[in-house]
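A.B. asks:
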Amino acid sequence: MKVLIQRVSQASVSVEGQTVGAIEQGLLALVGVEKGDTDAAVEKILHRLLHYRVFSDAEGKMNLNLQQVDGGLLLVSQFTLAAETHKGLRPGFSSAAPPAEGERLFNALVSQAQSAWPKVATGQFGADMQVALVNDGPVTFLLES
166 MKVLIQRVSQ ASVSVEGQTV GAIEQGLLAL VGVEKGDTDA AVEKILHRLL HYRVFSDAEG
226 KMNLNLQQVD GGLLLVSQFT LAAETHKGLR PGFSSAAPPA EGERLFNALV SQAQSAWPKV
286 ATGQFGADMQ VALVNDGPVT FLLES
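First residue of the sequence shown? That's 166 in this note's numbering, and the numbers climb one at a time after it.
1) Identify, in the order they occur along the chain, each residue of the same chain with its Cβ nearer than 7 angstroms to the Cβ of residue 234, setting aside the five sequence neighbours on each side.
2) At the level of alpha carbons, what is the spacing between residue 272 and residue 225?
3) Which runs of the beta strand (DSSP E), 3 residues or longer, sit entirely within the region 223 to 254?
4) How should residue 203 be labelled, buried or exposed, when 16 other C-beta atoms within 10 angstroms of its C-beta is the threshold for buried?
5) So residue 240 and residue 231 are in contact, right, with Cβ under 8 angstroms, and what is the actual spacing, rounded?
6) Along the alpha helix (DSSP H) that carries residue 209, what are the first and last residues, could you check?
7) State yes or no: is the C-beta of residue 265 within less than 9 angstroms of the C-beta of residue 257?
8) Locate the alpha helix (DSSP H) running through residue 268, then write down its first and last residues.
9) What residues are listed by DSSP as bridge partners for residue 258?
10) How close, in whole Å, do the beta carbons of residue 167 and residue 309 come, if the pair is a contact with beta carbons under 8 angstroms?
11) For the beta strand (DSSP E) that residue 309 lies in, which residues bound it at each end?
12) Please list the terminal residues of the continuous beta strand (DSSP E) segment that includes residue 186.
13) Below 8 angstroms on the Cβ atoms is my guess for residue 297 versus residue 215; work out the distance and round it to an integer in Å.
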């Protein structure tokens, strides 16, 4: 599982012109599910999302996590993160999980996140989504399970 996180001052996701998820300060997490990913990978990624220290403390160092700053978490499925890009001029997607398994694991991540943290929003799996954000920093990291 690959998750591209961006520290944001605000972010939202829309489907067909309607906002389906939005947060203020927090993390936008673009989630790519790969073949072979498991429920254990979901648990590991969720722990890292809630505890990864990317927010500044009083001295300006990245020492605080999402929970410590009372931030929001916006989860957006993005199968293109599983693309093979090491050669050629067109991405391949054979390493992405099949859609049904990707949806199951993404929904498991959303469900567990909502149980663990009250400020979770999400996009819509498989939809054509428009994501808007203000990247704070900019700060962007790729987490892998």
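We put the beta carbon where it would ideally sit given N, CA and C, even for glycine.
Keep in mind it's a predicted model, so treat the numbers as computed, not measured.
C.D. replies: Well, looking at it:
1) One-based indexing of the sequence shown puts residue 234 at position 69. Excluding positions up to five away in sequence, the list reads 190, 220.
2) As a first step, residue 272 must be located in the sequence shown, where it is residue number 107. As a first step, residue 225 must be located in the sequence shown, where it is residue number 60. When rounded, the distance between both Cα atoms is 35 angstroms.
3) Runs of the beta strand (DSSP E) inside the region 223 to 254: 227 to 229, 237 to 242.
4) On the sequence shown, position 38 is the one that residue 203 refers to. It counts as exposed.
5) The residue labelled residue 240 in the question sits at position 75 within the sequence shown. The residue labelled residue 231 in the question sits at position 66 within the sequence shown. A Cβ-Cβ separation of about 12 angstroms leaves residue 240 out of contact with residue 231 under the 8 angstroms criterion.
6) For the purposes of this step, residue 209 is taken as the residue at position 44 of the sequence shown. Element bounds for residue 209: 204 to 216.
7) For the purposes of this step, residue 265 is taken as residue 100 along the sequence shown, with counting starting at 1. For the purposes of this step, residue 257 is taken as residue 92 along the sequence shown, with counting starting at 1. The answer is no: Cβ separation not under 9 angstroms.
8) Taking the first residue of the sequence shown as 1, we reach residue 268 at position 103. In the DSSP annotation of this structure, the continuous segment of the alpha helix (DSSP H) that includes residue 268 starts and ends at 264 to 281.
9) Taking the first residue of the sequence shown as 1, we reach residue 258 at position 93. BP columns for residue 258 are empty, so no partner.
10) What you label residue 167 is simply residue 2 of the sequence shown in a count that begins at 1. What you label residue 309 is simply residue 144 of the sequence shown in a count that begins at 1. With 8 angstroms as the limit, residue 167 and residue 309 qualify as a contact, their Cβ atoms being about 5 angstroms apart.
11) Against the sequence shown, residue 309 aligns to sequence position 144. Membership of residue 309 in the beta strand (DSSP E) is indicated by the continuous run 294 to 309.
12) Numbered from 1 along the sequence shown, position 21 holds the residue referred to as residue 186. Element bounds for residue 186: 183 to 188.
13) The sequence position of residue 297 within the sequence shown is 132, counting from 1. The sequence position of residue 215 within the sequence shown is 50, counting from 1. Their Cβ separation, rounded to whole angstroms, is 23 angstroms, which puts residue 297 and residue 215 out of contact at 8 angstroms.
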